Structures are given as C-alpha cells and as structure tokens.
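Each remark here refers to the structure printed beneath this line.
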Amino acid sequence: MNKILVSIVFAVILVLGINKITDVIYQVQKPETSAYQVNVTTVASTETQKSSESSQDGDIMALFASVSGADGAKVFKKCAACHSISQGGANKIGPALWGVLGRQAGSVPDYKYSKAMAAYGKIWSFEEMNGFLIKPKDWIKGTKMSFAGLKNAKDRAAVILYMNENSSEPLPLK
C-alpha cells in the first residue's frame, strides 16, 4: 500500500515539476493583437432599434398587437407544471393563476407564499408581470419561484395576454 501511495505522489510531483520546468524554458507570450480580425458591420434602421429598445425596456403593450392568446397558451405549457389557469383551479406547486392580472401579489388565501412575495404587495399589472416574467428571482428578491424566466419579449407578451384572457374581469388593453 505504501509503494502505491508513494508512486502516486511521485507521479504528481513529476508532472508538476515538468510543467514548471517547461514554463521556464519556453516562455510563450500572448500576442497583443489577434492574428485573425473579424470586421462586423451593423445595419439596422432606427425604427427597429426603437421597437427593440421599447420592448426590452418593458413596453409590453406595443407587443400585444403582434401576439395572440393562442400563442400564449402554447408558451404557458412551461408554466402549467406548477400553475393552473382554469377558473376554480387548484393550487399546485405555485398558486392558481385564474384572474391574476389586476390582483394583489401574494393574495391567494389558501396558498403559502414566500415572505418576499407576501410582502411585495403590488398589483399585477401588464408591466409588473412583464418584469417578473423576465427573471422572477431578480424582480422579487427572495421569491421561492425557481423559474428561470422568459427572455423573449413576444413570449412574455403572449403569456400575459393569455393570463389576461383567463379572468372573469380582464384588464383593458389600452
């Protein structure tokens, strides 16, 4: 057993020693400029830039015209593992989302929310839900919702539109 242990230690020291010796003998320096340069030209209209900036900045209302509730139903399948959306639907891992827009955050009476969500107390508006769906843990620090978020603005708009349609009192699309 001792011979095996000594052999392993000797092999590790030998490999590290050879590595250090070669570093001293062959000093390779990183070149200051890249040998292969990539020229990138960007062509974008100002309208495209404005629309992408507005959708990223939270202007979800502008995207409602380009999506439908049916699109949202497809995207909502990611949410259906933890949430129900049907009227009178039971809470699952997450609370039931029937009529969530226009409701105060953390207000479903028979669901145990995280302390952060219960204390949040804001009303779920289109903009509030959009920000939350980008990355829930960043929007409400301390929430127990482990969903990574929806990075695509059109997916978020479609899901929000779908959730708004699944309510007895949908919010008006101004």
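Under my numbering, residues 272 to 445 are what the sequence shown spells out, in order.
Just so it is clear, CB atoms sit at the ideal spot from N, CA and C, and this is done for glycine as well.
Quick caveat, the model's predicted, so the values are computed rather than measured.
For Ile364, the secondary structure class from DSSP, reduced to helix, strand or coil, is coil. A Cβ-Cβ contact shorter than 8 Å links Asp342 with Ala429.
Per DSSP, the unbroken alpha helix (DSSP H) holding Gly402 starts and ends at Phe397 to Ile405.
Distance from the CA atom of Gly392 to the CA atom of Gln375, rounded to whole angstroms, is 6 Å. Closest option to Glu440, judged by alpha-carbon separation, among Val286, Ile364, Ile394 and Gly373: Gly373. Taking the Cα positions, Asp409 is about 17 Å away from Tyr384. Ranked by Cα distance from Gly413, the options Gly377, Ile289, Gly370 and Gly340 are led by Gly377.
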